[in-house]
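In my numbering, the protein residues as written are 1 to 328. Ideal Cβ placement from N, Cα and C applies to all residues, glycine included. What follows is a set of notes on a single structure, which appears directly below.
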């Protein structure tokens, strides 16, 4: 990875939120403060970090804002659980991305095996009770996400940069796209039948919305990750596969994002009907998923995790100074 040790001193980003905003609406949940207080009480009891690290994790993360932007229609109780989900997901992700397990796939595998063993009878039939059904789907999504962390850790340990196509597929798992979809169903108490999610158009729309929140993450988190010496990023994959420099790779990925928005708009125009009642619930779900995408992309800018010390007030052609190695 020596070739990537010398990068330009800065790069430029277009307004990614404006690109996804062509199809995704931005809204905010009014229960943010109340839900965050309750979620922090829970997190304080988990003893994941010492006081210094916990303060940095919570204050830099702004996970309450993330949840408020991502689940604008959830009531306070459901929003509280969504914030807890973010606390769990990001603390776990940090452990394998930048913590003690960064390049130790065997240790990540052991953690995955322990986590999976928490639930019982994973091969049983899908429950009919809506809350149990959502949990059943969440478990399957969790297993796919957790397993993908093992693959990513193995790539790091071997200094391997995957192809662009391979990485796109892997990132749909590592971003936790299926987990997000399960949480959206939970946040609104939706109960969509399996036939909806088995439909090829819905599946393609799911892939598209996952890419719409994943590719901006790779663009926004690139600076932090290169500082950490982490090359598992779609920008690096494009640089490696196409033999281009940093700014050209960023421009290519931004163009890919624009095209992905067009793909989603085209797919949405082909939505099939599943009957009036299901169609109404599906519209609520898709609108919530679009809210999540836009809230997520905006949060990338607002969280100091990715733009520490950078003024993001004007996101059009944003100049991003490259962080020094080990700055995080």
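Check: Return the chain-ordered ranges of every alpha helix (DSSP H) run that is complete within the segment 162-240 and spans a minimum of 4 residues.; Outcome: 164-174, 177-187, 194-198 and 200-227
Check: Where does residue 214 land, buried or exposed, given buried means 16+ other C-beta within 10 angstroms?; Outcome: buried
Check: Say whether the segment 273-280 touches the segment 37-47, bearing in mind that this needs 3 or more beta-carbon pairs closer than 8 Å, one atom from each stretch.; Outcome: no
Check: Determine the closest residue to residue 32 out of 50, 25, 65 and 78, with distance taken between C-alpha atoms.; Outcome: 65
Check: May I ask you to report which of helix, strand or coil DSSP gives residue 12?; Outcome: strand
Check: Look up residue 318 in the DSSP assignment and give the residues it is bridged to.; Outcome: 13
Check: Using 7 Å as the threshold, is the C-beta distance between residue 201 and residue 267 below it?; Outcome: yes
Check: Have a look at residue 282 and residue 7 and give me their C-alpha separation to the nearest angstrom.; Outcome: 45 Å
Check: Please go through the same chain and pick out, in chain order, the residues whose beta-carbon is closer than 6 Å to the beta-carbon of residue 240, but skip the five residues on each side of it.; Outcome: 161
Check: Please work out which residues of its chain come closer than 7 Å, Cβ to Cβ, to residue 25, disregarding the five sequence neighbours upstream and downstream, and give them in chain order.; Outcome: 290, 291 and 294
Check: So, do the segment 43-62 and the segment 256-265 have three or more beta carbon pairs nearer to each other than 8 Å?; Outcome: no
Check: Going by DSSP, what residue range makes up the alpha helix (DSSP H) through residue 41?; Outcome: 32-44
Check: Check residue 280 in the structure and name its three-state DSSP category.; Outcome: helix
Check: Are the CB atoms of residue 20 and residue 234 nearer to each other than 7 Å?; Outcome: no
Check: Leaving out the 5 sequence neighbours to the left and right, which residues in its chain are closer than 6 Å to residue 15 when beta-carbon positions are compared?; Outcome: 315 and 316
Check: Can we say the segment 238-254 touches the segment 186-194, given the rule of at least three CB pairs closer than 8 Å?; Outcome: no
Check: How many angstroms separate the CA atom of residue 321 from the CA atom of residue 250?; Outcome: 14 Å
Check: Going straight from the alpha carbon of residue 238 to that of residue 219, what length do you get?; Outcome: 12 Å
Check: Quick one: Cα of residue 182 to Cα of residue 23, how far?; Outcome: 21 Å
Check: Hey, how far is the Cα of residue 101 from the Cα of residue 311?; Outcome: The predicted model places residue 101 with a pLDDT of 46, which falls under 50 and marks its position as unreliable; any figure quoted below should be read in that light. Looking at the two C-alpha atoms, the distance is approximately 32 Å.
Check: Determine the contact status of residue 216 and residue 300, defining contact as a CB-CB distance below 7 Å.; Outcome: yes
Check: Could you compute how far the alpha carbon of residue 204 sits from the alpha carbon of residue 51?; Outcome: 43 Å
Check: By how many angstroms is the C-alpha of residue 296 removed from the C-alpha of residue 29?; Outcome: 13 Å
Check: Return the chain-ordered list of same chain residues with a C-beta closer than 8 Å to the C-beta of residue 253, the five sequence neighbours on each side being excluded.; Outcome: 215, 218, 219, 234, 235 and 238
Check: For the segment 250-317, which segments carrying the alpha helix (DSSP H) assignment without a break, of at least 4 residues, lie completely within its bounds, in sequence order?; Outcome: 276-302 and 304-307
Check: Look at the Cβ atom of residue 223, then the Cβ atom of residue 323, and state whether they are nearer than 7 Å.; Outcome: yes
Check: In terms of alpha-carbon separation, which member of 165, 76, 306 and 169 lies closest to residue 206?; Outcome: 169
Check: Please look up how many angstroms separate the CB atoms of residue 42 and residue 84, rounded, as I've assumed it's under 8 Å.; Outcome: 6 Å
Check: By DSSP, does residue 74 sit in helix, in strand, or in coil?; Outcome: coil
Check: So which of 197, 198, 231 and 172 has the shortest CA-CA distance to residue 209?; Outcome: 172
Check: Measuring only the C-alpha atoms, how far is residue 67 from residue 86?; Outcome: 8 Å
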